[in-house]
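Asks: Pasting a structure here, questions to come.
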Amino acid sequence: MGLFDQMSGYGHEQIVFVRDEAVGLKAIIAIHNTTLGPALGGSRFFNYATEEDALFDVLRLSKGMTLKNAAAGLALGGGKAVIIGDPAKLKSRDFFHTYGKFIQSLSGRYYTAEDVNVSADDVAMIEETCKYVVGTPNISGNPAPFTARGVYMGMKAGANAKFGSDSLKGKTVAVQGIGSVGRLLCEFLAKEGAALKVYDINKAAVDKVVADLGAVAVSSDEILTTDCDIFAPCAMGAVLNTENAGSLKCALIAGAANNVLLDANTGDALKKLDILYLPDYIVNAGGVINCGMEVTEGYNLDKINQRVDGIYDTTLKIVSLAKEKNISTYQAAEEYAWSIVKGHS
Ligand code: NAD
């Protein structure tokens, strides 16, 4: 398929290919939609097998940012960048300075932030040559605490819709992935009196949450099939599909991981199974709210926490919309986000 056909398939406005021989930089910046404001989305650094894989990833991720930013109530559009290559070999101050100059040349149509293999410290180096950067350590910094808080609030809203009360006391939550967000989510849940079942490929992270919070460790297979009230995917994407959805023994799904469902069909399958799925980009928007509000209103922690807590109401709106239209929550979230974008166009 031609490049312009792909752009029109996803609805992109602009794709920028950048390269610099001297520092070994190859990157693609995809600006999906700027109806609501400048595009915001992180820069992902990854050793893609092919350039086509990198393009596919950036097109998909940047479109996701349009939906996520709109649903989060941010006056921001969607964009994303991928840097192609081995981060361990390529990262240097010169590298990020060169990359920053390219983003600067877009004059604020695209704001970048951290993402996979691009840390807050890397972002601080980009900022040395570029104004259009958020998430630096001295301002909005680490997004994980805000993401965890938002997932927790979304989960409480989901519990309200599913169990008739937003209290998570006595509920059993199976958490897959005890990294930056998963660990903090476990802390919120333990504090409220939820029981935790946990799995992570990193045994040390599991041992710590077992010792600190009384979680029960389960195996890699069990985390998807164990008896629980809520499944919280906080590791990687595409963990649920039409094949394994039937083995879940939870009533509610709410987690931080992006693109949790393999596809829209999985959303339909979960609806048929009467499992309430809270769309990932609705409940995991705390991090982008934190850095996005740095662009739209200047950094104000109280306002940011208020907006992150608003994920509770947004989640309820999506659940009601799905019910009212008899569609999956996956589809309802898309309709909700697009209605906001279209309302401004
Ligand atoms: P992280 O890298 O700190 O943690 C991920 C954890 O998942 C690690 O502990 C890792 O060992 C574990 N893991 C990896 N593969 C696994 C597997 N197969 N089974 C079980 N555990 C596995 O990442 P994070 O910042 O906590 O983010 C978690 C997820 O949430 C990611 O998908 C991320 O894209 C998404 N997310 C994060 C943020 C944020 O603010 N950090 C915001 C939005 C979305």
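For the working numbering, count along the sequence shown from 1 and bump the result up by 3.
Beta carbons: idealized from backbone N, C-alpha and C, even for Gly.
Curious, which full-length alpha helix (DSSP H) runs of at least 4 residues does the region 158-243 contain?
Replies: 183-195, 206-216 and 225-228
Asks: Here's a check: name, in chain order, each residue in its chain whose Cβ is nearer than 7 Å to the Cβ of LYS320, leaving out the five neighbours to either side.
Replies: Stepping through the sequence shown from its first residue, residue 320 is reached at position 317. Hits under 7 Å: TYR339.
Asks: What do you reckon, are the CB atoms on HIS100 and THR69 nearer than 8 Å?
Replies: Here residue 100 refers to the residue found at position 97 of the sequence shown. Here residue 69 refers to the residue found at position 66 of the sequence shown. Not a contact, by the Cβ cut-off of 8 Å.
Asks: Could you pull the start and end residues of the alpha helix (DSSP H) that ASN293 belongs to?
Replies: Locating residue 293 in the sequence shown gives position 290, where the first residue counts as 1. Per DSSP, ASN293 belongs to the alpha helix (DSSP H) from 289-299.
Asks: For LEU43 and TYR155, what's the separation of their Cα atoms in angstroms?
Replies: Position 40 of the sequence shown holds residue 43. Position 152 of the sequence shown holds residue 155. Across the structure, LEU43 and TYR155 are spaced so that their CA atoms are roughly 24 Å apart.
Asks: To the nearest whole angstrom, what separates the beta carbons of LEU255 and LYS194, a pair I think is in contact under 8 Å?
Replies: The residue given as residue 255 occupies position 252 in the sequence shown. The residue given as residue 194 occupies position 191 in the sequence shown. At roughly 19 Å, the Cβ-Cβ gap does not stay under 8 Å, so LEU255 and LYS194 are not in contact.
Asks: Alpha carbon to alpha carbon, how far is PHE191 from GLU327?
Replies: Working through the sequence shown from its first residue, we reach residue 191 at position 188. Working through the sequence shown from its first residue, we reach residue 327 at position 324. Each residue's alpha carbon lies about 31 Å from the other.
Asks: Does the Cβ of SER65 lie closer than 7 Å to at least one heavy atom of the ligand NAD?
Replies: Taking the first residue of the sequence shown as position 1, residue 65 is located at position 62. SER65: no, Cβ never under 7 Å from the ligand NAD.
Asks: Whose CA, out of GLY67, ALA147 and LEU281, lies closest to the CA of VAL344?
Replies: Within the sequence shown, the letter at position 341 stands for residue 344. Ranking the options by Cα distance to VAL344, first place goes to GLY67.
Asks: Taking only heavy atoms of the ligand NAD into account, decide whether any of them is closer than 7 Å to the Cβ of CYS231.
Replies: The sequence position of residue 231 within the sequence shown is 228, counting from 1. No, the Cβ of CYS231 stays beyond 7 Å of every heavy atom of the ligand NAD.
Asks: Closest to ALA57 by CA distance: which of GLY80, ILE86 and GLY180 is it?
Replies: For the purposes of this step, residue 57 is identified with residue 54 of the sequence shown, where counting begins at 1. Among GLY80, ILE86 and GLY180, the Cα nearest to that of ALA57 belongs to ILE86.
Asks: To the nearest angstrom, how far is the alpha carbon of THR356 from that of ASP23?
Replies: Since the first residue of the chain shown is 4 and the last is 348, residue 356 is not available in this structure.
Asks: Count Cβ pairs between the region 266-274 and the region 123-135 that sit closer than 8 Å; are there 3 or more?
Replies: no
Asks: Taking only runs of the beta strand (DSSP E) that begin and end inside the region 49-132, which ones reach a length of at least 3 residues, in chain order?
Replies: Annotation note: the region 49-132 contains the following uninterrupted beta strand (DSSP E) runs of length 3 or greater, listed N- to C-terminal: 80-87.
Asks: The beta strand (DSSP E) spanning ALA33 covers which residue range?
Replies: Residue mapping note: residue 33 aligns to position 30 of the sequence shown, counting from 1. Here the beta strand (DSSP E) through ALA33 covers 28-36.
Asks: In the DSSP assignment, what are the bridge partners of PHE20?
Replies: The residue you call residue 20 lines up with position 17 of the sequence shown. Beta-bridge pairing links PHE20 to ILE31.
Asks: For MET296, collect the residues of the same chain with a Cβ closer than 6 Å to its Cβ; drop the 5 residues on either side in sequence, then sort them by chain order.
Replies: The count along the sequence shown starts at 1 and reaches residue 296 at position 293. Once the five neighbours on either side are set aside, the close Cβ partners of MET296 are ILE307.
Asks: Do the CB positions of SER183 and TYR202 come within less than 8 Å of each other?
Replies: In the sequence shown, residue 183 corresponds to position 180, counting from 1. In the sequence shown, residue 202 corresponds to position 199, counting from 1. Contact flag unset, no.
Asks: Is the distance from the Cβ of LEU77 to the Cβ of PRO41 below 8 Å?
Replies: Translated into the one-based positions of the sequence shown, residue 77 becomes position 74. Translated into the one-based positions of the sequence shown, residue 41 becomes position 38. Contact: no.
Asks: If the criterion is Cβ atoms closer than 8 Å, does the pair GLY81 and SER65 meet it?
Replies: Counted from its first residue, the sequence shown places residue 81 at position 78. Counted from its first residue, the sequence shown places residue 65 at position 62. Yes, these two residues count as a Cβ contact at 8 Å.
Asks: Apply the 10 Å Cβ neighbour rule to THR332 and answer buried if 16 or more other Cβ atoms are within range, or exposed otherwise.
Replies: For the purposes of this step, residue 332 is taken as residue 329 along the sequence shown, with counting starting at 1. THR332 is buried by the Cβ-count criterion.
Asks: What residue range does the alpha helix (DSSP H) around ILE285 cover?
Replies: Mapped onto the sequence shown, residue 285 falls at position 282. Per DSSP, ILE285 belongs to the alpha helix (DSSP H) from 283-286.
Asks: For VAL26, which residues of its own chain have a beta-carbon under 6 Å away from its beta-carbon, when the five flanking residues on both sides are left out?
Replies: Here residue 26 is taken as the residue at index 23 of the sequence shown, counted from 1. Cβ within range, chain order: ASP97, PHE98 and THR101.
Asks: Measuring CA to CA, which of GLN334, VAL176 and LYS211 is closest to ILE226?
Replies: For the purposes of this step, residue 226 is taken as the residue at position 223 of the sequence shown. That would be VAL176, whose Cα lies nearest to the Cα of ILE226.
Asks: Contact between the region 47-56 and the region 117-132 is defined here as three or more beta-carbon pairs at a separation below 8 Å; is this criterion met?
Replies: yes
Asks: At a threshold of 7 Å, does THR245 count as lining the ligand NAD (C-beta to nearest heavy atom)?
Replies: Against the sequence shown, residue 245 aligns to sequence position 242. Checking every heavy atom of the ligand NAD against the Cβ of THR245, none is found closer than 7 Å.
Asks: With a threshold of 7 Å (Cβ to nearest heavy atom), would ASN163 be considered close to the ligand NAD?
Replies: Here the question's residue 163 lines up with position 160 in the sequence shown. False, no ligand heavy atom lies under 7 Å from that Cβ.
Asks: Since LEU6 and GLY161 are thought to touch, with beta carbons under 8 Å apart, how far apart are those beta carbons, to the nearest angstrom?
Replies: The count along the sequence shown starts at 1 and reaches residue 6 at position 3. The count along the sequence shown starts at 1 and reaches residue 161 at position 158. Between GLY161 and LEU6 the Cβ distance is about 40 Å, and since that is not below 8 Å, they are no contact.
Asks: Does the beta carbon of GLY182 fall short of 7 Å from some heavy atom of the ligand NAD?
Replies: To locate residue 182, count along the sequence shown from 1; it is residue 179. GLY182 Cβ: within cutoff of the ligand NAD.
Asks: The alpha helix (DSSP H) spanning HIS347 covers which residue range?
Replies: As a working note, residue 347 is residue 344 in the sequence shown. Looking at the DSSP string, the run of the alpha helix (DSSP H) that includes HIS347 is 332-347.
Asks: Measure the Cβ-Cβ separation of ALA218 and VAL242 and say whether it is below 8 Å.
Replies: In the sequence shown, residue 218 corresponds to position 215, counting from 1. In the sequence shown, residue 242 corresponds to position 239, counting from 1. Not a contact, by the Cβ cut-off of 8 Å.
Asks: Tell me the rounded alpha-carbon separation between VAL19 and LYS104.
Replies: Within the sequence shown, the letter at position 16 stands for residue 19. Within the sequence shown, the letter at position 101 stands for residue 104. Looking at the two C-alpha atoms, the distance is approximately 13 Å.
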